[in-house]
Amino acid sequence: MGFFNSIFGSRKEQSSEPTGPFVNPVQVEFHSHLIPGVDDGVETFEQSLEILENFHKMGMRKVITTPHIMSDFYKNGPENLIPLRDELRLKLKEKGIDLELEVAAEYMVDDGFQDKIAAGNLLTFGPKKRHILIELPFMEEPRNFKQSIFELQVNGYQVILAHPERYPYMGMQRERFLELKDQGVLFQMNMLSLLGYYSKGVMETAQYLVEKGMVDLVGSDTHHIRHFALLPEVHQNRWYHKVCQADLINNIL
Ligand SMILES: [Fe+2]
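Pasting the structure below:
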């Protein structure tokens, strides 16, 4: 999109938009990697605080950060993440940044995931602390995916699938989205997917999910400040405006 279009929107885009400047209705930023040194996200408290301060300036009242938990690479859990969250909260307070901070997780559905469900010590969020964020490998759908959803649901968890638009095996077989929806899985779309940040195919699948009204919540998936720096462009994107007209659950989390 050209400079003037990115500022003012094209004529076609304007015709489908409500009049007046776009005001981002999302006040709860969900899905990011801002606990320092625990995954492929930020490495220092300074980097984390810089991004959190920017989210606050952007109008967020709350950030739910979601470090990776994997059985092999990122062996995180409540034991190490909650003390780091507390330290970060303290630093936010010291800097006078009035931002709520929660830590949840982005659980990889891998061979060890069902043991974690059985243990019950999961990092959850939401009004009843029963929402849980899961992610899948990019190469293929794991064999224990369906069973994991079932085990989570019978234990009373509300399953949220992270960035469904990013899994090629789903983008190429879109009826899979409907099946998951029918099973009660919520979808969290990455905002940067709408910019073509990951690939054109991911962008088109994201647009499809928006068009079909399948997106339940949006997240930035911020790993570093360069991700954050792209968000103003997202706020100019007509597909983002469209998804914001849906019943997103961000603000109730
Ligand atoms: Fe993530």
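Reminder that position 99 of the sequence shown reads as 81 in the working numbering, one-by-one numbering, no gaps.
Virtual Cβ for every residue (Gly too), placed ideally from N, Cα, C.
This one's a predicted model, so the numbers in the text were calculated from it and none came from an experiment.
Contacting residues, own chain, Cβ-Cβ under 8 angstroms from residue i (five flanking each side not counted)
| i | result |
| --- | --- |
| Pro150 | Phe120, Gly183 |
| Pro60 | Asn103, Leu105 |
| Thr26 | Pro18, Gly19 |
| Ile231 | Leu168, Asp198, Leu199 |
Limits of the alpha helix (DSSP H) - the one that residue i falls within
| i | result |
| --- | --- |
| Thr187 | 182 to 193 |
| Asp164 | 157 to 164 |
| Ser130 | 127 to 136 |
| Asp21 | First-last for Asp21: undefined, no H or E at that position. |
| Phe27 | 27 to 40 |
| Pro65 | 60 to 76 |
| Gly242 | With the chain represented from -17 up to 235, any question about residue 242 goes unanswered, as that position is not in the structure. |
Close-in-space but distant-in-sequence residues of the same chain around residue i (CB under 7 angstroms, 5 per side omitted)
| i | result |
| --- | --- |
| Tyr222 | Met173, Leu176, Val216 |
| Glu122 | Tyr151 |
| Glu32 | Ile207 |
| Ser(-3) | Any answer about Ser(-3) is weak, because its pLDDT of 42 lies below 50 and its placement is not dependable; what the coordinates show is given next. Excluding positions up to five away in sequence, the list is empty. |
| Pro112 | One point to set straight first is that residue 112 is Arg, not Pro, in the sequence displayed. Only Thr106, Gly138, Tyr139, Gln140 meet the Cβ criterion. |
| Phe(-15) | Residue placement at Phe(-15) cannot be trusted, given a pLDDT of 36 that sits under 50; what the coordinates show is reported in the next sentence. None. |
| Gly178 | Met185 |
The beta strand (DSSP E) enclosing residue i, as first and last residue numbers
| i | result |
| --- | --- |
| Asp144 | Going by the sequence as given, residue 144 is Ala instead of Asp. 140 to 144 is the span of the beta strand (DSSP E), which, as asked, contains Ala144. |
| His205 | Neither: His205 is in no beta strand (DSSP E) and is coded neither H nor E. |
| Leu168 | 168 to 172 |
One or two residues paired with residue i in a DSSP bridge
| i | result |
| --- | --- |
| Val45 | Glu11, Leu83 |
| Ile114 | Val141 |
| Tyr89 | Ile51, Ile116 |
| Val200 | Met171 |
| Phe107 | His113 |
Cβ neighbours of residue i in the same chain (closer than 6 angstroms, five flanking residues each side left out)
| i | result |
| --- | --- |
| Glu117 | Glu88, Met90, Ala144 |
| Val24 | Leu16, Pro18, Ser30 |
| Lys44 | Val10, Glu82 |
| Gly108 | Leu235 |
| Pro7 | Cys226 |
| Ala188 | Glu147, Met171, Ser175, Leu176 |
Candidates the options, of which the one nearest residue i by Cα
| i | options | result |
| --- | --- | --- |
| Glu82 | Leu213, Leu34, Leu66, Ser53 | Leu34 |
| Phe159 | Gln129, Tyr190, Asn62, Gln140 | Tyr190 |
| Lys39 | Lys98, Arg220, Leu213, Ser130 | Leu213 |
| Tyr56 | Arg71, Phe127, Pro18, Gly153 | Pro18 |
| Ser220 | Tyr139, Glu157, Met185 | It is Arg, not Ser, that sits at residue 220 in the sequence shown. Minimum Cα distance to Arg220 is reached at Met185. |
| Ile267 | Gly41, Pro146, Ile207, Ile46 | There is no way to answer for residue 267, as the model of the chain reaches only from -17 to 235. |
| Asn36 | Arg156, His206, Asn62 | His206 |
| Gln170 | Gly2, Phe12, Pro3 | Phe12 |
| Gln96 | Ile231, Phe132, Met42, Cys226 | Phe132 |
| Gln227 | Pro49, Glu161, Gly195, Tyr179 | Gly195 |
| Tyr180 | Val192, His209, Gln155, Asp93 | His209 |
| Asp22 | Gly201, Met42, Thr48, Gly41 | Thr48 |
Below 8 angstroms, can you find three or more Cβ-Cβ pairs linking the segment 73 to 80 to the segment 104 to 123? no
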